[in-house]
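Below: the structure, in structure tokens.
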């Protein structure tokens with residue numbers, strides 16, 4: 001990665017070392033005073049070798065993977081919006097149907113199924129096939 005031993009450190013590299021120091025502080029390997037001292041050294045360094053000296057007596061930490069942070073499947077924001085709209089309208093029409101049925105005194109025709117069913121089926125189809133995400137665009141050519 002380094003071109004020469006005296007390669008100058010970037011701000012991103014300094015921030016990475018400070019994040020590592022923060023993890024060591026959280027784990028209890030260094031105390032707050034030592035953290036402050038080492039962080040000051042990090043921001044005062046000019047080369048990557050000096051950055052490595054700040055961490056030289058601390059053990060290497062395992063890398064955090066993005067898979068740990070995002071353990072579940074990611075749902076696009078537009079699907080969340082459409083799903084919550086469908087849920088809200090479904091509850092509303094069911095409440096209207098329930099109020100009508102209560103006012104009449106018997107169950108009326110279950111008309112909300114014509115609002116909830118087709119709309120929900122379209123949303124499920126689009127979610128499973130990836131219709132609008134571009135994943136199935138090769139089938140439309």
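Numbering (UniProt numbering), first residue to last: 1 to 141. Quick reminder that beta carbons are idealized off the backbone N, C-alpha and C, glycines included. Since the structure is predicted, the reported quantities are computational estimates derived from the model, not experimental observations.
Residue state for residue 7 is assigned as coil, using DSSP reduced to three classes. Here residue 38 is not near residue 61, since their CB atoms are 8 Å or more apart. By the criterion of a C-beta distance shorter than 7 Å, residue 123 is surrounded in its chain by 82, 83 and 86, once the five residues flanking it on both sides are discounted.
Taking every protein chain shown into account, the CB of residue 54 has 16 or more other CB atoms within 10 angstroms, so this residue is buried. Shortest Cα-Cα distance from residue 12 to any of 111, 47 and 25 involves 47.
With fewer than 16 neighbouring CB atoms inside 10 Å of its own CB, residue 33 falls in the exposed class.
At least 8 Å separates the beta-carbon of residue 91 from that of residue 115. Cβ-Cβ distances below 8 Å link residue 25 to 31, 32 and 35 in the same chain, with the five nearest sequence neighbours on each side left out; the list follows chain order.
Ranked by how close their Cα comes to the Cα of residue 49, the residues 15, 119, 100 and 6 have 6 in first place. For the pair residue 45 and residue 80, the Cα-to-Cα distance works out to about 46 Å. Counting every other CB atom within 10 Å of its CB across the protein chains shown gives residue 42 a total of 16 or more, marking it as buried.
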